[in-house]
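Below you'll find the structure, written out as structure tokens, and then a few comments.
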Amino acid sequence: MEMASPTLLDVSRWQFVITIVFHMTFPAITVGLSVFLTVVYGLHLRTGKAVYLQIFRFWKRIFAVGFGLGVVSGTVITFELGLNWGRFASATGPILGPIIGMEVVTAFFVEAAFIGVMLYGDGRVKPRTMLLSCGMVALGTVLSTLWILAANSWMQTPAGYRRDHGRFVPDNWWSIIFNPSFSLRFPHMLLAVIISAALFVGGIAAYYLVRRRHDQFARRTFSIALGVLALLIPVQFFYGDKVSFMDADYQLPKFAAFEGDWDSTNTGYNLVVIPDQPHQRNRLQISVPKMGSVISGDLSGHTPLPGQHQIPRDRQPNSWSVFWGFRVMFYAATVMLFAAVTSVVLRLRGRLFVARWFHRLMLWLTPLGVVAIIGGWVTAETGRQPYLVYGMLRTDQGVSLVASPTVLASFFSFLVLYLALFGTWIAYVVRTVRRGPDPRDLETGPPGSTSDADVVGAMEA
Amino acid sequence: MAVTIWFCLVLVICLGMYVVLDGYDLGVGMLTLTERDVITRRQLIEVVATAWDGNETWLILFGVTLFGGLPIAYGAALPALYVPIVVMLLALVFRGAAIERVSSTVGVPRGWGLAFGVGSLIAAFAQGVTIGGALSGIAVTNGQFSGGAFDFITSYALLTGVTTVAMYGAAGAAYIHLKTTGALRARAASLGRLLTLATGVLTLACAALLVPLTPVRIGAAGRATTVLAVIAAIAALAVLAASLWAFGRRPDKRPMMAIVAAEAFGLVALALLYYPTVLPPSLTVDQAKAPAGTLNVLMIGLILSLPVLLFFSWYAHRVFRGKYREAPATAVPAGSGRVASTAAYSPSQPRRHRSQRPRTLRWAANLMWIVAGTLIAAVSVGVFAKTPTGEVITLVALVLIVIGGSAVWLRDELRHADAE
């Protein structure tokens with residue numbers, strides 16, 4: 085097989101990195117946000133309270149732009165699989181094509197059909213149609229998460245296939261979709277996106293609490309966000325732990341890299357490591373004694389964690405990105421757990437809406453969920469290297485043989501466009517938040533009191 | 014063999030739906046460039062804002078179906094058409110962002126309005142060039158692309174690019190004709206006639222130059238198919254001519270219907286001439302297709318879901334049927350400028366403590382609970398789950414934590430709901 089030049093491989097990988105990271109920042113928020121919007125719209129219909137409508141309309145504005153950016157940047161990814169990874173696409177198309185196809189038909193189309201009603205139907209269609217549309221969009225985003233995790237998990241722990249002239253041919257669709265890592269990685273990711281949306285929503289509510297603006301809006305939003313956080317983050321710790329120890333069974337190189345040891349003698353848990361991969365050692369290593377053994381289930385503290393010396397050099401992933409990706413995720417999650425427990429204690433004390441130091445803290449934590457998700461994916465994807473399909477198809481065998489200058493040009497185009505779009509997205513969120521929810525929404529009556537039939541009639545005319 | 018033909022049919026349906034739906038969408042986008050009035054521009058953007066996402070999803074479905082069903086073609090064609098496809102994607106990103114950005118504010122921020130128009134124009138041109146580049150032939154050796162990055166630049170590709178722009182423009186004008194009234198509708202009618210005429214002439218040029226300029230072998234699938242293709246092509250031109258007449262006359266939906274029919278007939282004609290080639294000059298469906306296991310699954314999934322997808326696309330347009338109207342005043346996003354909060358700040362009643370403990374002690378107690386809670390939660394869900402008994406302990410701990418958490422939350426939620 086023809087070998088790709090190192091530059092081509094690097095540029096193709098970097099282009100994938102920026103396009104996928106940019107894309108991921110949107111679903112990381114919008115999946116959870118769509119569920120949140122459905123819940124508050126449902127609460128509005130049930131209780132008839134205007135504040136829930138105000139919450140719905142405010143968050144809908146941020147959701148709309150985030151969702152749109154997620155859709156267009158996702159389209160790029162679909163085509164990049166062929167553009168930059170054509171040999172990978174030819175080899176894995178028979179397996180990944182139908183899975184992503186299912187994502188398109190069961191998720192993208194459902195979202196697309198109802199997103200218009202959800203975003204522009206307020207006041208134009210019946211409230212029940214609105215609720216249905218919100219629910220369908222939320223369902224679509226969750227299904228999308230499911231299929232894409234099925235596809236990625238198959239690349240991590242391939243199963244149910246055979247090789248035929250280098251191509252992957254499906255043998256058993258059940259084992260392809262329910263491959264060994266899917267049942268853990270899907271809930272892990274679903275929890276992650278809901279938690280990061282909770283932090284995002286809670287952080288912005290905290291901003292209004294700090295500024296003492298839109299009090300009623302801020303309290304309801306803050307309460308819901310922290311309630312969700314307190315419920316889900318312990319469950320996330322459970323799944324996170326499961327996923328990481330699954331790697332010990334299926335992808336030892338990744339596991340060894342994110343635990344950050346070289347020789348297999350350390351029973352401690354590494355907090356900070358500066359790896360020196362060329363010399364196969366750590367330049368700096370700070371660890372908690374015996375903790376590594378404890379987390380792997382030996383409470384006596386005598387079991388060491390496996391080290392990277394066990395892995396041949398040409399199969400080691402980059403220890404920097406794998407270790408620090410994991411640590412960023414893990415430390416962020418610990419801070420979230422701290423915030424969640426604090427919120428429970430403050431709630432019990434009746435001080436959740438008056439503890440201003442806590443509101444300031446939550447404001448700072450607004451982007452933390454997204455940061456943790458990106459850290460986790462950096463671990464998952466760079467930890468799988470040098471393979472695309474773990475153990476089966478190496479990354480340098482999957483890259484398209486496009487001329488390097490062309491890829492370099494497209495890389496910079498994406499970089500510039502995405503930096504600009506990311507900047508305007510942040511500016512848009514900040515501006516929307518500064519402007520705040522519309523106080524006039526609080527004056528609207530309970531749902532159905534305005535004659536919706538007339539509005540619908542007017543549309544039909 | 015039968016599966017292959019059905020598969021190609023599905024592929025053509027996906028592409029057709031995309032051309033029909035996103036065609037008008039991109040067309041409306043380009044035509045905003047001819048509008049100077051900000052209010053009209055905004056109207057035009059709102060007209061497509063409700064459906065653009067669904068329209069673009071057909072492109073993703075087309076791409077993914079190609080990826081799954083004809084992986085060799087996907088893996089070879091995309092690197093070959095790298096430049097136009099990347100340009101198209103960048104343009105689509107740009108204009109999609111612009112649509113959502115514009116519809117979430119008041120008025121049309123100038124840069125975003127321009128981004129929408131120019132993005133649509135570039136995307137349409139790049140799509141035409143992509144098709145033309147594919148028709149002009151792609152060098153494939155051993156199932157991999159083996160040509161240069163700029164092989165796609167041929168005079169034929171430029172011609173199809175311009176044709177696509179004209180065709181989408183005509184579709185956009187027809188859609189504006191359908192969705193608006195008054196001066197805007199009248200302007201759309203005259204622009205539409207012009208663009209339809211241009212489309213007709215350019216399409217004839219494309220058809221005439223197909224044989225001299227490209228390696229496509231006409232009639233590879235037999236004489237009957239060729240005859241059918243010619244009939245479809247004549248039908249396409251006939252309905253295109255009909256739309257020339259229908260612009261500016263009632264009912265307003267007629268030009269749109271005629272252009273949709275023309276696009277459909279044209280695509281059918283092209284597909285019939287093309288089959289069984291996937292990538293000219295030589296790659297055929299049978300060489301490029303996925304193994305039977307994949308094709309069958311893909312076909313079952315697609316054939317079951319196609320009616321639903323068509324329903325979804327219909328529904329997204331149906332909800333906002335009729336002429337475009339401003340949304341009722343209550344639903345308009347908050348007006349410009351910063352709006353001060355009407356709700357005055359009122360600190361919640363802190364619960365009275367049974368004993369008025371000193372502040373430092375209260376802090377210490379809180380801190381203790383927070384640290385203890387964090388540690389207990391982290392350790393209990395993480396550490397023990399390595400053995401079957403440990404797993405049970407962990408799950409029980411998890412359930413207790415979740416129940417405790419929800420109890421605290423819901424109690425609080427109810428208390429505040431009563432208070433407000």
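One line per chain: the protein sequences are A and B, in this order. Quick note: the first sequence uses our numbering, first residue 85, plus one each step. Quick note: the second sequence uses our numbering, first residue 14, plus one each step. Built from N, CA and C at the ideal position, the CB exists for glycine as well.
For this session: Enumerate in chain order the residues of its own chain whose CB-to-CB distance from B/V115 is below 6 Å, with the five nearest sequence positions on each side excluded.
Result: Position 102 of the second sequence, counted from the start, is the residue given in the question as residue 115 of chain B. Hits under 6 Å: I58, V121 and W125.
Problem set entry | Same chain only: Cβ atoms within 8 Å of B/F75, ignoring 5 sequence neighbours per side | In the second sequence, residue 75 of chain B corresponds to position 62, counting from 1. Answer for B/F75: L24, C27, L28 and Y31, listed in chain order.
Problem set entry | Cα-Cα separation, A/H128 to A/L137 | Indexing the first sequence from 1 puts residue 128 of chain A at position 44. Indexing the first sequence from 1 puts residue 137 of chain A at position 53. In a straight line, the C-alpha of A/H128 is about 6 Å away from that of A/L137.
For this session: Below 8 Å between beta carbons is the criterion; list the residues of the stretch 378–392 of chain B that meet it against any residue of chain A, in chain order.
Result: N379, W382, I383, G386, T387, A390 and A391
For this session: Kindly indicate which residue of B/A274, B/N155 and B/D265 has the alpha-carbon position closest to the one of B/A251.
Result: For the purposes of this step, residue 251 of chain B is taken as residue 238 along the second sequence, with counting starting at 1. Of the listed residues, the one whose Cα sits closest to B/A251 is B/A274.
Exercise. Alpha helix (DSSP H) containing B/V16: first to last residue?
Worked result: To locate residue 16 of chain B, count along the second sequence from 1; it is residue 3. It spans A15 to L44 - the alpha helix (DSSP H) in which B/V16 sits, taken as one unbroken run.
Problem set entry | Spatial distance of A/E465 from B/P225 (CA atoms) | Working through the first sequence from its first residue, we reach residue 465 of chain A at position 381. Working through the second sequence from its first residue, we reach residue 225 of chain B at position 212. The straight-line gap from Cα to Cα measures roughly 48 Å.
Exercise. DSSP on B/T70, reduced to helix/strand/coil?
Worked result: In the second sequence, counting from the first residue as 1, residue 70 of chain B sits at position 57. Helix at B/T70.
For this session: Starting from the N-terminal side, write out each stretch of the alpha helix (DSSP H) that is 4 residues or longer and does not extend beyond the stretch 358–425 of chain A.
Result: 375–379
Problem set entry | Residue from A/L223, A/L216 and A/Q364 with nearest C-alpha to A/Q394 | The residue labelled residue 394 of chain A in the question sits at position 310 within the first sequence. Comparing Cα-Cα distances from A/Q394 to each of A/L223, A/L216 and A/Q364, the minimum goes to A/Q364.
Exercise. In chain B, what lies closer than 7 Å to A/W257 by C-beta?
Worked result: Against the first sequence, residue 257 of chain A aligns to sequence position 173. Those within 7 Å of A/W257 in chain B are V310.
Exercise. Beta-carbon of B/F20 versus every beta-carbon of chain A: anything under 9 Å?
Worked result: If you number the second sequence from 1, residue 20 of chain B lands on position 7. Chain A contact via Cβ: absent.
Exercise. Are the beta-carbon atoms belonging to A/I260 and A/G244 less than 9 Å from one another?
Worked result: Here residue 260 of chain A corresponds to residue number 176 of the first sequence, with the count starting at 1. Here residue 244 of chain A corresponds to residue number 160 of the first sequence, with the count starting at 1. Their beta carbons are under 9 Å apart, which means A/I260 touches A/G244 by this criterion.
Exercise. Where does B/V415 sit, in a helix, a strand or coil, going by DSSP?
Worked result: Translated into positions along the second sequence, residue 415 of chain B becomes position 402. Of the three classes helix, strand and coil, the one that applies to B/V415 here is helix, per DSSP.
Exercise. Using DSSP with H/G/I as helix, E/B as strand and the rest coil, what is A/D248?
Worked result: Against the first sequence, residue 248 of chain A aligns to sequence position 164. Correct three-state label for A/D248: strand.
Exercise. How many Å lie between B/A282 and A/G224 at the Cα?
Worked result: The residue you call residue 282 of chain B lines up with position 269 of the second sequence. The residue you call residue 224 of chain A lines up with position 140 of the first sequence. Each residue's alpha carbon lies about 36 Å from the other.
Problem set entry | Stretch-stretch touch, CB-based, cutoff 8 Å, three pairs: the stretch 380–387 of chain B with the stretch 279–299 of chain A | no
For this session: Please look up how many angstroms separate the CB atoms of A/R246 and A/K338, rounded, as I've assumed it's under 8 Å.
Result: Reading the first sequence from its first residue, position 162 is the one you call residue 246 of chain A. Reading the first sequence from its first residue, position 254 is the one you call residue 338 of chain A. A/R246 to A/K338, Cβ: 25 Å. No contact.
Problem set entry | Whole runs of the alpha helix (DSSP H) within the stretch 217–247 of chain A, excluding any shorter than 4 residues | none
For this session: Classify A/Y502 as helix, strand or coil using the three-state DSSP reduction.
Result: Within the first sequence, the letter at position 418 stands for residue 502 of chain A. If DSSP states are grouped into helix, strand and coil, A/Y502 belongs with the helices.
Exercise. Going along the chain, which residues of the stretch 161–182 of chain A sit with their C-beta nearer than 9 Å to a C-beta in chain B?
Worked result: T162, F163, E164, L165, G166, L167, N168, W169, G170, R171, F172, A173, S174, A175, T176, G177, P178, I179, L180, G181 and P182
Problem set entry | is_contact[B/P84, chain A] using C-beta, thresh 9 Å | Within the second sequence, numbered from 1, the residue matching residue 84 of chain B stands at position 71. Closer than 9 Å to some Cβ of chain A, the Cβ of B/P84 qualifies, so yes.
Problem set entry | Member of B/I414, B/L208, B/A301 and B/R375 whose CA lies at the smallest distance from the CA of A/G177 | The sequence position of residue 177 of chain A within the first sequence is 93, counting from 1. With distances taken between Cα atoms, A/G177 lies closest to B/A301.
Exercise. If you compare alpha carbons, which of A/F414, A/Q361 and A/A290 is closest to A/G391?
Worked result: Here residue 391 of chain A refers to the residue found at position 307 when the first sequence is read from its first residue. Considering only alpha carbons, the answer is A/Q361.
For this session: State yes or no: is the C-beta of A/T213 within less than 9 Å of the C-beta of B/V321?
Result: Against the first sequence, residue 213 of chain A aligns to sequence position 129. Against the second sequence, residue 321 of chain B aligns to sequence position 308. No, the Cβ-Cβ distance between A/T213 and B/V321 is not below 9 Å.
Exercise. Taking just the CA atoms, how far does B/V119 sit from B/I52?
Worked result: Locating residue 52 of chain B in the second sequence gives position 39, counting from the first residue. Locating residue 119 of chain B in the second sequence gives position 106, counting from the first residue. Answer to the nearest angstrom: the Cα atoms are 10 Å apart.
For this session: Could you name the residues of the same chain whose beta carbon sits closer than 7 Å to that of A/G158, not counting the 5 residues immediately before and after it, in chain order?
Result: On the first sequence, position 74 is the one that residue 158 of chain A refers to. For A/G158, where only same-chain residues beyond five positions count, the Cβ hits under 7 Å are H107.
For this session: Decide if A/F496 is buried, meaning its Cβ has at least 16 other Cβ atoms within 10 Å, or exposed.
Result: Locating residue 496 of chain A in the first sequence gives position 412, counting from the first residue. Exposed, since its Cβ has fewer than 16 Cβ neighbours within 10 Å.
Problem set entry | Residues near A/L315 by beta carbon distance below 7 Å, same chain, minus five either side | The residue you call residue 315 of chain A lines up with position 231 of the first sequence. Contacts found: none.
For this session: Count the other C-beta atoms from every protein chain shown that fall within 10 angstroms of the C-beta of A/D525, then say buried if there are 16 or more, exposed otherwise.
Result: What you label residue 525 of chain A is simply residue 441 of the first sequence in a count that begins at 1. Looking at its Cβ environment, which holds 16 or more other Cβ atoms inside 10 Å, A/D525 is buried.
Problem set entry | Residues sharing a beta bridge with A/F110, DSSP | Along the first sequence, read from residue 1 onward, the residue named residue 110 of chain A stands at position 26. DSSP lists no partner for A/F110.
Exercise. Can you tell me whether A/N256 is buried or exposed, with buried defined as 16 or more other CB within 10 angstroms of its CB?
Worked result: Here residue 256 of chain A is taken as the residue at index 172 of the first sequence, counted from 1. The residue in question, A/N256, is exposed, as its Cβ has fewer than 16 Cβ neighbours within 10 Å.
Exercise. By DSSP, does A/F120 sit in helix, in strand, or in coil?
Worked result: Counted from its first residue, the first sequence places residue 120 of chain A at position 36. Of the three classes helix, strand and coil, the one that applies to A/F120 here is helix, per DSSP.
Exercise. Does DSSP put B/A283 in a helix, a strand or coil?
Worked result: As a working note, residue 283 of chain B is residue 270 in the second sequence. Note that residue 283 of chain B is Leu in the sequence shown, not Ala. Helix at B/L283.
Problem set entry | Alpha carbon of B/L204 to alpha carbon of B/L257, nearest angstrom | Residue 204 of chain B sits at position 191 when you count from the first residue of the second sequence. Residue 257 of chain B sits at position 244 when you count from the first residue of the second sequence. Their backbone Cα atoms lie some 11 Å apart in a straight line.
Exercise. Would you say the stretch 177–191 of chain A touches the stretch 311–325 of chain B, given that touching needs at least three Cβ pairs under 8 Å?
Worked result: yes
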